[in-house]
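What follows is a set of notes on a single structure, which appears directly below.
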Amino acid sequence: MTPSPSALADLLAERLAATADLLERTRADRALLEGCVHAATRTAEAIAAGGTLFICGNGGSAGEATHLSGELIGPFADKTRPALPAIALGFDPSAATAVANDFSFDEVFARQLAGLARPGDVLWALTTSGRSPNVLRALEVAAERGLYGVLLTGALPAEATPRGADQVLAVPSTETPRVQELHLMLGHFLCEAVEALATTSSRA
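Numbering follows UniProt numbering, with no gaps: position 195 of the sequence shown is 195.
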């Protein structure tokens with residue numbers, strides 16, 4: 001049965017209310033907010049020292065990875081600042097399909113990090129469930145290579161922090177679309193803060 005316009009309007013209102021509720025719960029999560037500030041500061045320090053930011057995720061989170069890398073390479077707010085080094089992993093089709101075919105899909109991000117990352121770099125790893133094998137594997141390789149790892153995820157049990165996640169930014173929800181919406185908002189904050197901090201450092 002095709003939903004009526006009024007039913008669709010009710011659905012939209014319901015979704016907006018759910019997102020508004022999650023925004024309030026996120027705003028009240030002091031540990032999450034402090035974690036965002038710490039992640040932004042560490043990322044900016046790494047970039048100011050000559051490091052690179054890598055970002056990865058699957059599906060919608062892959063789209064957010066490219067979105068956020070674009071915000072840093074291009075201007076987020078300051079159109080006068082230089083480009084900042086940010087790379088979304090997985091968007092070289094030849095490399096990604098070769099790794100998936102010859103090794104496994106679990107290695108598509110890790111293999112690129114192994115070839116490109118250097119100690120002192122940063123990884124932002126996005127997985128709404130906190131269980132994506134290729135994202136978790138990327139965090140492991142990041143730890144092995146001396147990167148600072150930031151995990152953006154949904155609600156996780158306290159004991160479930162993956163290896164390599166130096167900072168966990170866990171949105172208090174398990175509903176994928178809502179988590180992705182908050183990841184983009186937090187990602188925009190991270191980009192804005194990194195832009196301001198890294199630009200200040202480079203001009204000092």
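C-beta atoms are modelled at their ideal positions from N, C-alpha and C, and glycine is treated no differently. If you're wondering where the values come from, they're calculated on a predicted model, not measured in any experiment.
- When DSSP states are grouped into helix, strand and coil, A88 belongs to the strand group.
- The residues G51, T52 and L147, in chain order, have a CB closer than 6 Å to that of D121 in the same chain once the five nearest residues on each side in sequence are set aside.
- A direct Cα-to-Cα measurement between L123 and N58 gives close to 15 Å.
- Residue pairing by DSSP places F54 opposite I87 and L123 in a beta bridge.
- In terms of Cβ geometry, A46 and L190 do not form a close pair [threshold 8 Å].
- According to DSSP, residue pairing for A170 in a beta bridge involves T153.
- Annotation: S129 is outside any alpha helix (DSSP H) and is labelled neither H nor E by DSSP.
- At a Cβ-Cβ threshold of 8 Å, C56 and A65 count as neighbours.
- Linking N134 to T41 through their CA atoms gives a straight-line distance of about 26 Å.
- Rounded to whole angstroms, L16 and A100 show a C-alpha spacing of 38 Å.
- Judged by DSSP secondary structure, G115 falls within the alpha helix (DSSP H) whose first and last residues are V108 to L116.
- Our two residues, A18 and A155, have alpha carbons roughly 16 Å apart in a direct line.
- If you check the CB distance, S173 and L22 come in under 8 Å.
- Under the Cβ criterion (8 Å, minimum of three pairs), the stretch 180-199 counts as touching the stretch 66-83.
- Between I73 and A86 a beta carbon distance of about 6 Å is seen, short of the 8 Å cut, so the two are scored as contacting.
- The C-beta separation of A170 from G149 comes to about 14 Å, leaving the pair out of contact by the 8 Å criterion.
- Judged by DSSP secondary structure, R25 falls within the alpha helix (DSSP H) whose first and last residues are P5 to R27.
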